[in-house]
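K.L.:
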Amino acid sequence: MAKVQVLNVAVLDNPSPFGNPFQFEITFECMEDLPEDLEWKIIYVGSAESEEYDQVLDSVLVGPVPAGRHMFVFQLQRNILASNPRVTRFHINWEGCAERMEDSENVDPSSNSMLPPSCLPGKAPPMGLLPDNSMDCL
Numbered sequence: 001m002a003k004v005q006v007l008n009v010a011v012l013d014n015p016s017p018f019g020n021p022f023q024f025e026i027t028f029e030c031m032e033d034l035p036e037d038l039e040w041k042i043i044y045v046g047s048a049e050s051e052e053y054d055q056v057l058d059s060v061l062v063g064p065v066p067a068g069r070h071m072f073v074f075q076l077q078r079n080i081l082a083s084n085p086r087v088t089r090f091h092i093n094w095e096g097c098a099e100r101m102e103d104s105e106n107v108d109p110s111s112n113s114m115l116p117p118s119c120l121p122g123k124a125p126p127m128g129l130l131p132d133n134s135m136d137c138l
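Here full-length UniProt numbering is used: the first residue of the sequence shown is 1, the next is one more, and so on.
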């Protein structure tokens, strides 16, 4: 059995203004005391065919972690969609302890970011108007 189990990943502030950072509330459980930090990462998956284009958007260390259920909020420091308007879909890959993945169970939620109809291809407003729109993570 894994030492760490991710129980829930909730998207906070949803829907939110387009330029706001993403916030995730992460609930996990440790089956035993972990004296070392757990490293959590948000990874932008650039291609489904290869990890070559993946980018670590942010990471955070949590720990040491005693046995039991825990929760923290992971706020991405920049919004990948606001900084790259060509991105219309993204994927979040949660990793437990990066150096000991065999000790963790991966939860791999897939979030679609939906731009408002005014931002769909062929109807895109001028770039200056994008921050006035909102986005939903489903």
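Glycine included, every Cβ here is placed at the ideal spot set by N, Cα and C.
If we call anything under 7 angstroms between Cβ atoms a contact, is Phe24 one with His70?
P.N.:
As a working mapping, residue 24 is identified with position 24 in the sequence shown. As a working mapping, residue 70 is identified with position 70 in the sequence shown. No, they are not a contact pair.
K.L.:
Please classify Ser65: is it buried, with 16 or more other beta-carbons within 10 angstroms of its beta-carbon, or exposed?
P.N.:
Your numbering for residue 65 matches position 65 in the sequence shown. What sits at residue 65 in the sequence shown is Val, not Ser. Val65 comes out buried.
K.L.:
Based on the DSSP output, what are the partners of Asp58 in its beta bridges?
P.N.:
Reading the sequence shown from its first residue, position 58 is the one you call residue 58. The partner list for Asp58 (beta bridge, DSSP) reads Ile42.
K.L.:
Among the candidates Trp40, Ser47, Gly46 and Asp54, whose CA atom is the shortest distance from the CA of Leu61?
P.N.:
The residue you call residue 61 lines up with position 61 of the sequence shown. The option with the nearest alpha carbon to Leu61 is Trp40.
K.L.:
Could you tell me if Val56 is buried or exposed, where buried requires 16 or more neighbouring beta carbons within 10 angstroms of its beta carbon?
P.N.:
Here residue 56 corresponds to residue number 56 of the sequence shown, with the count starting at 1. Val56 is exposed by the Cβ-count criterion.
K.L.:
Can you grab the Cα-Cα spacing for the pair Phe74 / Ile26, in whole Å?
P.N.:
Translated into positions along the sequence shown, residue 74 becomes position 74. Translated into positions along the sequence shown, residue 26 becomes position 26. If you take the alpha carbons of Phe74 and Ile26, they lie about 7 angstroms apart.
K.L.:
With DSSP run on the structure shown, which of helix, strand or coil describes Glu32?
P.N.:
As a first step, residue 32 is located in the sequence shown; it is residue number 32 there, counting from the start. Note: Glu32 maps to coil in three-state DSSP.
K.L.:
Measuring straight from C-alpha to C-alpha, what distance separates Pro15 and Asp37?
P.N.:
Position 15 of the sequence shown, counted from the start, is the residue given in the question as residue 15. Position 37 of the sequence shown, counted from the start, is the residue given in the question as residue 37. Rounded to whole angstroms, Pro15 to Asp37 spans 32 angstroms at the Cα level.
K.L.:
In the DSSP output, which residue or residues are listed as bridge partners for Leu7?
P.N.:
By one-based count along the sequence shown, residue 7 stands at place 7. Partner(s): none; Leu7 has no beta bridge.
K.L.:
In angstroms with no decimal places, state the Cα-to-Cα distance between Lys3 and Cys30.
P.N.:
Here the question's residue 3 lines up with position 3 in the sequence shown. Here the question's residue 30 lines up with position 30 in the sequence shown. Cα to Cα, the separation comes out at about 6 angstroms.
K.L.:
For Gly68, report the span of its beta strand (DSSP E) as first-last.
P.N.:
Residue 68 sits at position 68 when you count from the first residue of the sequence shown. Where Gly68 is concerned, the enclosing beta strand (DSSP E) stretches over Gly68 to Gln75.
K.L.:
For Asp58 and Gly68, what's the separation of their Cα atoms in angstroms?
P.N.:
Stepping through the sequence shown from its first residue, residue 58 is reached at position 58. Stepping through the sequence shown from its first residue, residue 68 is reached at position 68. For Asp58 and Gly68, the distance between alpha carbons rounds to 25 angstroms.
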